[in-house]
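Report on the following structure.
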Amino acid sequence: MNGLTRVPGLLYGGDYNPEQWPEDVWADDVRLMKEAGVNLVTVGVFSWARLQPGPDAFDFGWLDRLLDLLDAHGIAADLATATASPPAWLVRAHPETLPVTADGVRLEFGSRQHYCPSSPVYRAAAARLARRIAERYRDHPAVVLWHVHNEYGDHVAECFCAESAADFRGWLRERYGDLAALNRAWATESWSQRYGRWDEIEPPRTAPGPLNPTQSLDWRRFCSAALLACYLAEKAVLDEAGGGIPVTTNFMSMFKPLDYWAWAAREDVVSDDAYPDPADPAAHVGAAMAYDLMRSLKGGRPWLLMEQAPSAVSWRPVNVPKPPALSRLWSLQAVARGADGVLHFQWRASRAGAEKFHSALLPHRGTGSPQWARTVALGRDLARLAEVAGARLAADVAVVLDWDSWWALELDEHPSSRLRLKELVLSWYGAAHARNVAVDFVRPGADLGRYRLVLLPNLYLASDATAAWLTSYVAGGGRLVCGFFSGVVDEHDHVHPGGGLAPLRDALGVVVDEYWPVPDGASVDVAFGSRVVPATLWSELLEARAAEPAAVYGGGPLAGRPAVTRNAHGAGRAWYVGCHLGERVGLVLEEAFADAGVRPVLDVPAGVEATRRDGPGASYLFLLNHRADEAEAPVPDGVDLLSGAAVRGALRLAPLGAAVLRTARHDHPER
9 MNGLTRVPGL
19 LYGGDYNPEQ
29 WPEDVWADDV
39 RLMKEAGVNL
49 VTVGVFSWAR
59 LQPGPDAFDF
69 GWLDRLLDLL
79 DAHGIAADLA
89 TATASPPAWL
99 VRAHPETLPV
109 TADGVRLEFG
119 SRQHYCPSSP
129 VYRAAAARLA
139 RRIAERYRDH
149 PAVVLWHVHN
159 EYGDHVAECF
169 CAESAADFRG
179 WLRERYGDLA
189 ALNRAWATES
199 WSQRYGRWDE
209 IEPPRTAPGP
219 LNPTQSLDWR
229 RFCSAALLAC
239 YLAEKAVLDE
249 AGGGIPVTTN
259 FMSMFKPLDY
269 WAWAAREDVV
279 SDDAYPDPAD
289 PAAHVGAAMA
299 YDLMRSLKGG
309 RPWLLMEQAP
319 SAVSWRPVNV
329 PKPPALSRLW
339 SLQAVARGAD
349 GVLHFQWRAS
359 RAGAEKFHSA
369 LLPHRGTGSP
379 QWARTVALGR
389 DLARLAEVAG
399 ARLAADVAVV
409 LDWDSWWALE
419 LDEHPSSRLR
429 LKELVLSWYG
439 AAHARNVAVD
449 FVRPGADLGR
459 YRLVLLPNLY
469 LASDATAAWL
479 TSYVAGGGRL
489 VCGFFSGVVD
499 EHDHVHPGGG
509 LAPLRDALGV
519 VVDEYWPVPD
529 GASVDVAFGS
539 RVVPATLWSE
549 LLEARAAEPA
559 AVYGGGPLAG
569 RPAVTRNAHG
579 AGRAWYVGCH
589 LGERVGLVLE
599 EAFADAGVRP
609 VLDVPAGVEA
619 TRRDGPGASY
629 LFLLNHRADE
639 AEAPVPDGVD
649 LLSGAAVRGA
659 LRLAPLGAAV
669 LRTARHDHPE
679 R
């Protein structure tokens, strides 16, 4: 049994939109689903207008017949609440439900996700539909998962209308209690922005110049919370009337607008939509990072890849298809990093609409297409891996990711506008990925007891409590690597007394005198002994107090000054990286890995990704060859579940090939 639903083995399938097709097509669909090994389809995501054609008119007959047909063929349903795209009748009766931009433009009907998250009319209508669906289908044998909405925040992550403004003021009242506290937090004595009444406060709409940064930060917090309130309104209905069926809503990998730590805490199952670009040779690294985050959001529990493209998408400027081997490899990568299911958008290719050129498991050409052969083959592969379901990954390394700090880092009026957290994290993650070091993501305040090493690519916003958490970890024997422009401001975006790194100085043993961004197109040399590498984007004038230099600037105005430092604190050690090294940060991480006793999952050739999932009676070693040529890897003895062949000592992987070895149970060493 997988860790997500009552369906045995790994889940396989995709979004199914039968409302786009005559009912005489449905029987052919389910027959082909069985042929392909599909055992779960997502149904009803964009069917609000079909399910509720008028304010007091409901039509569930077609969905009754569809779910009965799926159940008769042993195919389970992830049943959506259909609330991501309000119908025309609701919009025309209540135009105030449409979202408004920061410039005051009200967006129109005719796409999807056209709603104001704070609209009580929208929320009530969505909850009403969710209740009707839950009460009708909670006992239907096909329904194994509730799917709330779809990709919250995708097209509309914020709304600036009057309703949103009122909701924002209510959120601020709850956060601060009184205007005096808000004025202190927002530093409103700057630029004469002091507020005397709550109704003077508006969202950070387009203004003549730079906006109040703390107001903008609180707006980001509010917008994530407003969308979460929409989800929670529907989930409350499903929890009450949904028959105990688990609830999910599909995330969008590492997505800036929504604090997924807060969201995942209110989900039963974490699910993700991931669309790495086949034209990007490093896309698999970003995908791996997103998958590790999804696994980490629920403390290592299995998760579900809800959507991926079977081949090309339809929304990039140039939509490159996936070669067959790459499509298979990327599906297996999700399972390798903890997914208990691989679903796609979508099952049958649409003939009309905005997504008619998006690939599908069953393409326009039908079963005569090479894509159909790939669909059937992947189903067979996942069936062979059924026993992997429920197995977990273990990691010795944690990467700290905090949405508050992400939002604050990318506000205006900073020493450089070029800093983007996701890119900074990816460069550090990529260095660990290249070395096949397993990592988890953690939020500030998490239990770090199981981790030998903590990576902090950037934590611009660090409260005193967060700084104490990290300092205590190092003092207790942990290893920490901290990236530049960290520990700069508190939770209100106020600079810490004493400047950058002030709350982390005990652990790091270094202070920042001045930030020294690197101009576009330029670089500075950084010397690790005799090895000199370029740093771009950022550098800092550091004063090493207790710390010792691990690398120095090799030229320019900072020549001879520390660029990277290391510091012993208590029983542990901490490194500070005061410049942007890209994936060359691996030079620092290698030292930290060795010092912390961190080992790769397996020593394999470059370009081969190795992960391990541990089950109760066996371990499963995934080997994924992202190279364009063959690779040979030394491996423990085992059986390749994909081929059924016994493996002894070494394994040869075809270009873009994969193997999943069942081996003896691996005991993860404790710190």
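Residue numbers for the sequence shown follow my numbering, so the first one is 9 and each next one is one higher. Even glycine gets a Cβ: it sits at the ideal position worked out from N, Cα and C.
- Query: Who are SER627's beta bridge partners in DSSP?
  - Reply: Paired residue(s): ASP622, THR671.
- Message: the ligand GDP and VAL51: does any heavy atom of the ligand fall closer than 7 Å to the residue's C-beta?
- Response: Among the components modelled here there is no ligand, and therefore nothing to report on the ligand GDP.
- Comparing alpha-carbon positions, which option in HIS441, ARG607, VAL407, ALA406 lies nearest ARG592? Of the candidates HIS441, ARG607, VAL407, ALA406, the one whose C-alpha sits nearest the C-alpha of ARG592 is HIS441.
- Roughly how far, in whole angstroms, is the beta-carbon of ARG345 from the beta-carbon of ASP285, given that I think they are within contact range, below 8 Å? Not confirmed; about 18 Å, so no contact.
- Item | Length at least 3, wholly inside the stretch 441 to 517: the beta strand (DSSP E) runs in chain order | Segments of the beta strand (DSSP E) lying fully in the stretch 441 to 517: 447 to 450, 461 to 464, 487 to 491.
- Task: Give me whichever residues DSSP pairs with ARG356 in a beta bridge.
- Result: ARG356 pairs with LEU370.
- Within this structure, are the beta carbons of VAL408 and LEU467 separated by less than 8 Å? A contact, by the Cβ cut-off of 8 Å.
- Per DSSP, what kind of secondary structure is THR573 in: helix, strand or coil? In the structure shown, the three-state DSSP call for THR573 is strand.
- Task: May I ask you to report which of helix, strand or coil DSSP gives TYR145?
- Result: Reduced to three states, the DSSP call for TYR145 is helix.
- Item | MET314 - containing beta strand (DSSP E), residue span | Per DSSP, the unbroken beta strand (DSSP E) holding MET314 starts and ends at 311 to 315.
- Message: Please classify THR214 as buried or exposed, where buried requires at least 16 neighbouring CB atoms within 10 angstroms.
- Response: Counting the other Cβ atoms within 10 Å of the Cβ of THR214 gives fewer than 16, which makes it exposed.
- Query: In this structure, does DSSP put TYR184 in helix, strand or coil?
  - Reply: TYR184 falls in the helix class under three-state DSSP.
- Item | Under 8 Å between C-beta atoms of ASP501 and PRO221 | Yes, the Cβ-Cβ distance between ASP501 and PRO221 is below 8 Å.
- Message: Restricting to Cα atoms, I'd like to know which of TYR239, GLY294, PRO289, MET302 is closest to TRP269.
- Response: Comparing Cα positions, the closest option is MET302.
- Message: Contact defined as beta carbons within less than 8 Å: I believe ASP175 pairs with ALA234. What is the distance between those atoms, to the nearest angstrom?
- Response: Confirmed, Cβ separation roughly 6 Å.
- Item | Pairwise C-alpha distance: GLU598 and LEU461 | The alpha-carbon atoms of LEU461 and GLU598 are separated by roughly 11 Å.
- Closest Cα partner of PRO254 within the set VAL156, ARG140, ALA641: Its Cα nearest to that of PRO254, the residue VAL156 stands out among VAL156, ARG140, ALA641.
- According to DSSP, what are the bridge partners of ASP648? In DSSP, ASP648 forms a bridge with LEU669.
- Item | Every unbroken alpha helix (DSSP H) inside the stretch 281 to 350 [4 residues or more] | Complete alpha helix (DSSP H) runs here, min 4: 291 to 305, 332 to 344.
- What are the residues that DSSP puts in a beta bridge with SER279? According to DSSP, SER279 bridges with ASN258, LEU312.
- Item | Boundaries of the beta strand (DSSP E) in which PHE5 is found, first to last residue | Because the chain in this structure spans residues 9 to 679, residue 5 falls outside the shown range and cannot be described.
- Just the C-alpha distance for ALA273 and GLY564, rounded to the nearest angstrom, thanks. Each residue's Cα considered, the two are about 48 Å apart.
- Message: What does the alpha-carbon distance come out to for the pair GLY578 and TRP323?
- Response: Answer to the nearest angstrom: the Cα atoms are 52 Å apart.
- What is the DSSP secondary structure of PRO16, reduced to helix, strand or coil? In the structure shown, PRO16 sits in coil (DSSP, three-state: anything other than H, G, I, E or B).
- Query: Hey, how far is the Cα of LEU98 from the Cα of TRP70?
  - Reply: A direct Cα-to-Cα measurement between LEU98 and TRP70 gives close to 22 Å.
- Task: Measure the alpha-carbon distance for ALA602 versus PRO211 and round it to whole angstroms.
- Result: The alpha-carbon atoms of ALA602 and PRO211 are separated by roughly 49 Å.
- Query: Between the beta-carbon of VAL482 and the beta-carbon of GLY580, is there less than 8 Å?
  - Reply: Contact: yes.
- Taking just the CA atoms, how far does HIS372 sit from ALA35? If you take the alpha carbons of ALA35 and HIS372, they lie about 17 Å apart.
- Using the DSSP secondary-structure output, state which residues sit across from VAL405 in a beta bridge. In the DSSP output, where bridge partners are listed per residue, VAL405 has VAL447, LEU461.
- Query: Are the Cβ atoms of GLU499 and SER471 separated by less than 8 Å?
  - Reply: For GLU499 and SER471, yes; Cβs fall inside 8 Å.
- Message: Whole angstroms are fine: how far does the CA of LEU631 sit from the CA of ALA682?
- Response: Outside the shown range of the chain (9 to 679) lies residue 682, about which nothing can therefore be said.
- Hey, LEU225 and ALA150: beta-carbon distance below 8 Å or not? Not a contact, by the Cβ cut-off of 8 Å.
- Task: For ALA291, collect the residues of the same chain with a Cβ closer than 6 Å to its Cβ; drop the 5 residues on either side in sequence, then sort them by chain order.
- Result: Taking ALA291 as the centre and dropping the five residues before and after it, the same chain places the C-beta of PRO284, ASP285 closer than 6 Å to its C-beta, in chain order.
- Give every residue of the same chain whose Cβ lies closer than 6 Å to the Cβ of ASP420, excluding the five residues on either side of it in the sequence, and list them in chain order. Around ASP420, the same chain offers PRO218 as residues with beta carbons nearer than 6 Å, after the five sequence neighbours per side are excluded.
- Message: Between the alpha carbons of SER538 and LEU669, how many angstroms are there, rounded?
- Response: Spanning the two alpha carbons is a distance of roughly 41 Å.
- How many angstroms separate the CA atom of CYS231 from the CA atom of ASP86? About 27 Å.
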